[in-house]
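Worksheet: the structure to be examined is printed underneath.
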Amino acid sequence: MATQMPASVFSPRSGVFVIALSIATTVPLIWATTANAVSLRVKLACSRDYYALCSQFASDSPEVRQCMRAAGEKLSSRCINALVQEGEVSQAEVSHRASQLRQ
Numbered sequence: 040m041a042t043q044m045p046a047s048v049f050s051p052r053s054g055v056f057v058i059a060l061s062i063a064t065t066v067p068l069i070w071a072t073t074a075n076a077v078s079l080r081v082k083l084a085c086s087r088d089y090y091a092l093c094s095q096f097a098s099d100s101p102e103v104r105q106c107m108r109a110a111g112e113k114l115s116s117r118c119i120n121a122l123v124q125e126g127e128v129s130q131a132e133v134s135h136r137a138s139q140l141r142q
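Numbering (the numbering used here), first residue to last: 40 to 142.
In structure tokens, the structure reads:
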């Protein structure tokens, strides 16, 4: 037979309540972070570019993605190749930007 816990266990002053609340607020943050996560391949290939150009932003933030896009022509070929392989940017976009720079 299941045993019921007294209501006082879940009162705002109890440790169980604090733990449950922290889990409830942390899980969505983890999901949000992993949804925007950059792959290890990209992190390794682009680490020098990141530190040289965009390190003022958190590595998995939307701002760093904007910064790296804005710095496109300054990115190393190693970084660009990793971004293409991971689907962060299309080869067509890379080719289009490169052709604009040659003009």
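For every residue, glycine included, the Cβ atom is placed at its ideal position computed from N, Cα and C.
Where does L140 land, buried or exposed, given buried means 16+ other C-beta within 10 angstroms? exposed
Quick test of your reading: A97 and V103, contact by CB under 8 Å. State the CB separation rounded to the nearest angstrom. 7 Å
Would you grab the beta carbon distance between S78 and E125 for me? Rounded to a whole angstrom, and I think it's under 8 Å. 5 Å
Just verifying my parser: in three-state terms, what is the DSSP assignment at L122? helix
Answer yes or no: do A121 and V81 have a C-beta to C-beta separation smaller than 9 Å? yes
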